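If you're matching them up, the sequences are chains V and R in order.
Everything in the first sequence is counted per the numbering used here, starting at 1 for the first residue and increasing by one.
Everything in the second sequence is counted per the numbering used here, starting at 147 for the first residue and increasing by one.
Backbone N, C-alpha and C define an ideal beta-carbon position, used for all residues, glycine too.
Here the structure is a predicted model, which means the values were calculated and not measured.
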Amino acid sequence: MANCLKRIFLMMSFAVVLALANFYANPARPPWNPEADLPKGEVHYASLEQSQNSYLWVDARQEAEFAHGHYPDAINLNQDNWDSMIIEVLDKWQPSFKTIVYCSSRACDSSHAVAERLRSEMGLTDVFVLHGGWESLILEMGQIKD
Amino acid sequence: MINNIFITWLLAISIPVSYGQLDWKTTQITHRAGALDQEAIGVFEFTNIGDSSVTITEVKPSCGCTAAALEKKTFAPGESGKIEASFKFGSRQGLQSNTILITTDADEQPTILTLKTLIPTLLDIKPGFVYWKAGDAPDAKTVTLTFGIDEDVHITEVKSAHSNIETFLKETEKKGEYQLVILPLTTDEGLRTTILIKTDYPKDTPRSFYVHVHIKE
Numbered sequence: 001m002a003n004c005l006k007r008i009f010l011m012m013s014f015a016v017v018l019a020l021a022n023f024y025a026n027p028a029r030p031p032w033n034p035e036a037d038l039p040k041g042e043v044h045y046a047s048l049e050q051s052q053n054s055y056l057w058v059d060a061r062q063e064a065e066f067a068h069g070h071y072p073d074a075i076n077l078n079q080d081n082w083d084s085m086i087i088e089v090l091d092k093w094q095p096s097f098k099t100i101v102y103c104s105s106r107a108c109d110s111s112h113a114v115a116e117r118l119r120s121e122m123g124l125t126d127v128f129v130l131h132g133g134w135e136s137l138i139l140e141m142g143q144i145k146d
Numbered sequence: 147m148i149n150n151i152f153i154t155w156l157l158a159i160s161i162p163v164s165y166g167q168l169d170w171k172t173t174q175i176t177h178r179a180g181a182l183d184q185e186a187i188g189v190f191e192f193t194n195i196g197d198s199s200v201t202i203t204e205v206k207p208s209c210g211c212t213a214a215a216l217e218k219k220t221f222a223p224g225e226s227g228k229i230e231a232s233f234k235f236g237s238r239q240g241l242q243s244n245t246i247l248i249t250t251d252a253d254e255q256p257t258i259l260t261l262k263t264l265i266p267t268l269l270d271i272k273p274g275f276v277y278w279k280a281g282d283a284p285d286a287k288t289v290t291l292t293f294g295i296d297e298d299v300h301i302t303e304v305k306s307a308h309s310n311i312e313t314f315l316k317e318t319e320k321k322g323e324y325q326l327v328i329l330p331l332t333t334d335e336g337l338r339t340t341i342l343i344k345t346d347y348p349k350d351t352p353r354s355f356y357v358h359v360h361i362k363e
């Protein structure tokens with residue numbers, strides 16, 4: 001029995017040593033602070049909640065998905081109907097606003113494309129993409145229907 | 147005892163299993179669109195190189211602008227098939243990347259097919275939105291208009307939709323580049339309007355563009 005415990009202890013010690021070595025030597029180790037290594041231009045919902053800023057929420061999904069549920073007061077803007085939809089976005093936008101764009105996180109680059117067009121074509125600054133997209137909003141706030 | 151468990155586990159993970167697998171000829175296609183094109187099409191071919199049938203359970207394009215046509219869903223070992231992806235441009239310009247997620251009953255991880263399309267920018271407008279805050283000095287703002295295609299193309303008309311907004315268009319020394327100066331007569335009251343920019347390209351159905359102009363209250 002004592003011999004068995006000794007072996008288990010040795011194996012666990014070995015695993016701890018390997019884990020520590022990986023932590024210090026591996027350049028791709030995950031960050032302790034999840035905000036630190038977000039892709040450029042992305043923000044977490046939690047950091048927005050803690051801020052006093054005013055936000056314009058832009059939903060970059062298709063109209064049918066938007067109609068099924070969206071973040072409160074979000075405006076639908078997708079690239080398929082950009083010319084007609086951009087009008088409402090610009091109407092609601094104010095110079096003091098930060099703009100948060102989200103779409104469905106699954107294989108969807110729409111939010112990044114829409115955010116980039118808002119920056120480069122419309123000249124808006126402070127445009128960010130919500131990390132995790134619509135699915136992260138569902139997790140944070142439960143089922144949303146507006 | 148521990149040795150027996152370890153050996154059993156080792157055998158369990160090393161026994162070969164029968165599986166189906168789609169081998170894709172390519173998972174990324176790059177397309178350079180012509181100035182008048184409205185759509186790009188990419189054909190992704192595959193073969194089932196496994197030893198059992200594979201059923202494609204889901205084909206999910208990343209946006210409504212992309213459609214993916216599949217002849218059938220189940221493919222026997224050795225059988226080939228293709229997915230035809232079509233991408234409608236709408237008002238998009240520049241490099242576009244559209245993905246299609248392919249899920250099969252043979253693999254939990256979906257395959258991502260990517261159709262990259264370089265769409266020529268007919269008229270680059272920087273910026274496409276100018277604003278003043280109500281009460282700001284009514285200083286002029288300048289928008290740069292640049293044709294991005296190698297054709298004989300011109301701006302034929304610039305028209306403000308509101309009498310409070312005046313416009314002046316001038317051609318720069320760079321070929322295909324214009325500067326549009328926008329001047330509000332007053333910024334006393336809020337305003338939302340547009341400036342229409344007409345071109346002579348293409349000849350049959352010349353395209354128009356807009357600059358959005360606001361005075362924010």
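Here's the rule: buried if 16 or more other CB atoms are within 10 angstroms of the residue's CB, otherwise exposed. What is R/PRO207?
It is buried - the Cβ of R/PRO207 has at least 16 other Cβ atoms within 10 Å.
Opposite R/THR333 in the DSSP bridges: which residues?
Residue pairing by DSSP places R/THR333 opposite no residue, since no beta bridge is assigned to it.
List the residues of chain V whose Cβ lies closer than 7 Å to the Cβ of R/PHE275, in chain order.
Around R/PHE275, the beta-carbon contacts reaching into chain V at under 7 Å are LEU90, MET122 and GLY123.
Would you mind telling me which residues of chain V sit closer than 9 Å to R/LYS362, beta carbon to beta carbon, in chain order?
The contacting residues are TRP93, GLN94 and PRO95.
Taking all protein chains shown into account, do 16 or more other C-beta atoms lie within 10 angstroms of the C-beta of R/PRO330, making it buried, or fewer, making it exposed?
With a threshold of 16 other beta carbon atoms within 10 Å, R/PRO330 meets it and is buried.
So what's R/ARG178 in DSSP terms, helix, strand or just coil?
Three-state DSSP puts R/ARG178 in a strand.
Ignoring anything shorter than 4 residues, give me the alpha helix (DSSP H) runs that lie fully in the region 60 to 85 of chain V, in order along the chain.
DSSP assignment within the region 60 to 85 of chain V yields the following whole alpha helix (DSSP H) runs of 4 residues or more, N-terminal first: 63 to 68.
Chain V within 8 Å of R/LYS344, Cβ atoms only:
No, R/LYS344 does not count as interfacial toward chain V.
Give the residues of chain R in contact with V/ASP83, contact being defined as C-beta atoms less than 7 Å apart.
Against V/ASP83, the close residues of chain R are SER237, in the order they occur along the chain (beta-carbon pairs closer than 7 Å).
Rounded C-alpha distance that separates V/ALA107 from R/THR193:
Because V/ALA107 carries a pLDDT of 48, less than 50, the predicted location of this residue cannot be relied on, and no value is offered for it.
Taking all protein chains shown into account, decide if V/HIS70 is buried (16 or more other Cβ within 10 angstroms of its Cβ) or exposed.
Here V/HIS70 is buried: its Cβ has 16 or more other Cβ atoms, across all protein chains shown, within 10 Å.
Compare the C-beta of R/GLY322 with all C-beta atoms of chain C and state if any pair is closer than 8 Å.
The structure shown contains no chain C; its protein chains are V and R.
Verify the CB distance criterion: does R/GLY227 have a CB-CB separation below 8 Å to chain V?
Using a CB distance cut-off of 8 Å, R/GLY227 does not count as an interface residue toward chain V.
Rounding to the nearest angstrom, what Cα-Cα distance links R/GLY236 and V/SER110 in this structure?
If you draw a straight line from the Cα of R/GLY236 to the Cα of V/SER110, it is about 14 Å long.
Is there a Cβ from chain R that is less than 8 Å from the Cβ of V/ASP80?
Yes, V/ASP80 lies at the interface with chain R (some Cβ there is under 8 Å from its Cβ).
Determine the chain V residues that contact R/ARG338 at a beta-carbon separation under 9 Å, and present them in chain order.
From the beta-carbon of R/ARG338, the residues of chain V found nearer than 9 Å are ILE87, LEU90 and ASP91.
Let me know if V/VAL17 comes out buried or exposed under the rule of 16 or more other beta-carbons within 10 Å of its beta-carbon.
With fewer than 16 other Cβ atoms within 10 Å, it is exposed.
Enumerate, from N- to C-terminal direction, the unbroken beta strand (DSSP E) stretches of 3 or more residues contained entirely within the region 262 to 333 of chain R.
Complete beta strand (DSSP E) runs here, min 3: 269 to 272, 275 to 279, 287 to 293, 301 to 306, 311 to 317 and 323 to 330.
Just to check my reading of the structure: V/ILE100 and V/LEU48 have Cβ atoms closer than 8 Å, yes? What is that Cβ distance to the nearest angstrom?
Sure, about 7 Å apart at Cβ, within 8 Å.
Whose C-alpha, out of R/SER199, R/PHE355, R/PRO273 and R/THR257, is nearest the C-alpha of R/LYS171?
For the residues R/SER199, R/PHE355, R/PRO273 and R/THR257, the minimum Cα distance to R/LYS171 belongs to R/THR257.
Contact between the region 168 to 188 of chain R and the region 260 to 270 of chain R is defined here as three or more beta-carbon pairs at a separation below 8 Å; is this criterion met?
A contact is defined here as three or more CB-CB pairs under 8 Å, and the region 168 to 188 of chain R meets this definition with respect to the region 260 to 270 of chain R.
Where R/SER237 sits in the DSSP three-state scheme:
The answer is coil: DSSP assigns R/SER237 none of H, G, I, E or B.
What did DSSP end up calling V/SER136 once you bin it into helix, strand or coil?
Note: V/SER136 maps to helix in three-state DSSP.
Can you find at least 3 beta carbon pairs, one from the region 5 to 20 of chain V and one from the region 49 to 63 of chain V, that sit closer than 8 Å?
Counting Cβ pairs under 8 Å, fewer than three are found: no touch.
Ignore the nearest five residues each way along the sequence and tell me which others in R/ASN310's own chain have a CB closer than 7 Å to its CB.
PRO330, LEU331, THR332 and LEU337, listed in sequence order.
Answer with buried or exposed for R/ASN244, where buried requires no fewer than 16 other C-beta atoms within 10 angstroms of its C-beta.
Per the 10 Å Cβ criterion, buried.
Contact check, R/GLY408 vs R/LYS218, beta carbons under 8 Å:
Outside the displayed span of chain R (147 to 363) sits residue 408 of chain R, for which this structure offers no information.
Leaving out five residues before and five after R/LYS287 in sequence, what residues of the same chain have Cβ atoms less than 6 Å from its Cβ?
These residues qualify, in order along the chain: VAL276 and ILE328.
Could you name the residues of the same chain whose beta carbon sits closer than 6 Å to that of R/ALA215, not counting the 5 residues immediately before and after it, in chain order?
The beta carbon of R/ALA215 lies closer than 6 Å to those of GLU230 in the same chain, with the five residues before and after it left out.
Cut-off 7 Å between Cβ atoms - residues of its own chain near R/ILE271, not counting five sequence neighbours on either side
Closer than 7 Å at the Cβ level, and outside the excluded window around R/ILE271, lie VAL289, LEU291, PHE355 and VAL357.
Tell me which residues share the same chain as R/GLN325 and place their Cβ nearer than 7 Å to its Cβ, disregarding the 5 neighbours each side in the sequence.
These residues qualify, in order along the chain: THR288, THR290, LYS316 and THR318.
Distance cutoff 8 Å, beta carbons only. Does V/SER110 sit that close to anything in chain R?
Chain R contact via Cβ: present.
Buried/exposed call for R/ALA222, threshold 16 Cβ in 10 Å
So R/ALA222 ends up on the exposed side.
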